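Read through the structure below, which is laid out as structure tokens, and then see the notes.
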Amino acid sequence: MSKTISSMTELQQKHSRFSSLLFGILCTCFFLLFSALGVWQIQRLNWKTNLITSAHQRIHLPPIKAPPQNQWKYVTFEKDEYRPVIITGKFLTDKNIFVTAVTQDTTGYWVLTPLQTADNTLTFVNRGFIPMDARHDFQNAEQSHTGATPQQYSVPNTEQTTIIGLLRMSEKNGFFPRKNNPDTNLWYTRDLPAMAQRLGLSSVAPYFIDAGKKTAPQKNLPIAGLTVVHFRNNHLVYALTWFTLAAGVLGGSLFLLRQKS
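According to UniProt numbering, the sequence shown holds residues 1 to 261 in order.
Below, the structure written as structure tokens:
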């Protein structure tokens, strides 16, 4: 009987040691994982801070010629976003895309129109903002090339026009409920490949251009020059979250081990 009790006690001790070892391994793994994620977010914070600094410096540079087709593959978000550029071409006003936009004052649309350049490539230009209730009249003015119905519209030159603005990279599709629906021509983000496919266009630049204020008189629509230089930078919050979780795992495991001992 005593041997049986002794065997059971020894088995329980082995089970307890195994459980403690497994618990310790799991806690160590989670602690290391959360700490590594925190360090990674600190690295991302430094990267994003440098990116923001570079963009704010770049936006004040003199405009350069928009990258031609043979340079498209070298255009990147990190080195080219918000770079002032200049481009000349012909607007294809029968292929406007209206992207839902929210400004400080109202809701409306960004008007994106393909600009055909001399080499027969296309670059989308964000010509500016129109209020939501002006879309129908704006489309009519574009098609008829007449002025006003109740507001004055800036009709682009159907021959050659020169645009000075900021280079912007194509945006990713959003998530429900603000997800693009090309079939119904409903847009929330400036997803250039999807827009080109919707319009049946080829040789489209991987970037678009936010037209500057001088593109049209400010009393006319679209209202250009409303670009806001903004980067989301939540990496410090994410880093603190991961480090807090790591500290919680460490503190909780030490407390439980002390309770057992």
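By construction, the Cβ of each residue, glycine as well, lies at the ideal position given by its N, Cα and C atoms.
For clarity, every value in this text was computed on a predicted model and none was experimentally measured.
Is the beta carbon of residue i less than 8 Å from the beta carbon of residue j?
i: residue 116; j: residue 92; result: yes
i: residue 102; j: residue 127; result: no
i: residue 195; j: residue 97; result: yes
i: residue 166; j: residue 42; result: no
i: residue 52; j: residue 85; result: no
i: residue 25; j: residue 209; result: no
i: residue 204; j: residue 192; result: yes
i: residue 255; j: residue 38; result: no
i: residue 89; j: residue 160; result: yes
i: residue 118; j: residue 163; result: no
i: residue 132; j: residue 107; result: yes
i: residue 263; j: residue 95; result: The structure shown does not extend to residue 263, since the chain is modelled only from 1 through 261, so no value can be given for it.
i: residue 228; j: residue 55; result: no
Rounded to the nearest angstrom, what separates residue i and residue j at their Cα positions?
i: residue 50; j: residue 233; result: 11 Å
i: residue 249; j: residue 174; result: 35 Å
i: residue 236; j: residue 251; result: 22 Å
i: residue 262; j: residue 168; result: The structure shown does not extend to residue 262, since the chain spans only 1 to 261, so no value can be given for it.
i: residue 246; j: residue 231; result: 28 Å
i: residue 188; j: residue 109; result: 9 Å
i: residue 223; j: residue 44; result: 35 Å
i: residue 74; j: residue 170; result: 14 Å
i: residue 23; j: residue 240; result: 25 Å
i: residue 207; j: residue 226; result: 18 Å
i: residue 31; j: residue 121; result: 53 Å
i: residue 27; j: residue 40; result: 20 Å
i: residue 183; j: residue 197; result: 11 Å
i: residue 72; j: residue 142; result: 30 Å
Grab the span of the beta strand (DSSP E) containing residue i for me, first residue to last.
i: residue 115; result: 107-116
i: residue 131; result: 122-131
i: residue 164; result: 161-169
i: residue 183; result: From DSSP, residue 183 is part of no beta strand (DSSP E); its letter is neither H nor E.
i: residue 209; result: 204-211
Counting along the chain, where does the alpha helix (DSSP H) carrying residue i start and finish?
i: residue 198; result: 192-199
Classify residue i as buried or exposed, calling it buried when 16 or more other Cβ atoms lie within 10 Å of its own Cβ.
i: residue 81; result: buried
i: residue 47; result: exposed
i: residue 62; result: exposed
i: residue 180; result: buried
i: residue 190; result: buried
Query raised in the report: Residue ranges of each beta strand (DSSP E) run of no fewer than 3 residues wholly in the region 54-99, ordered along the chain?
Result: Entirely contained in the region 54-99, the beta strand (DSSP E) runs reaching 3 residues are, in chain order, 84-91.
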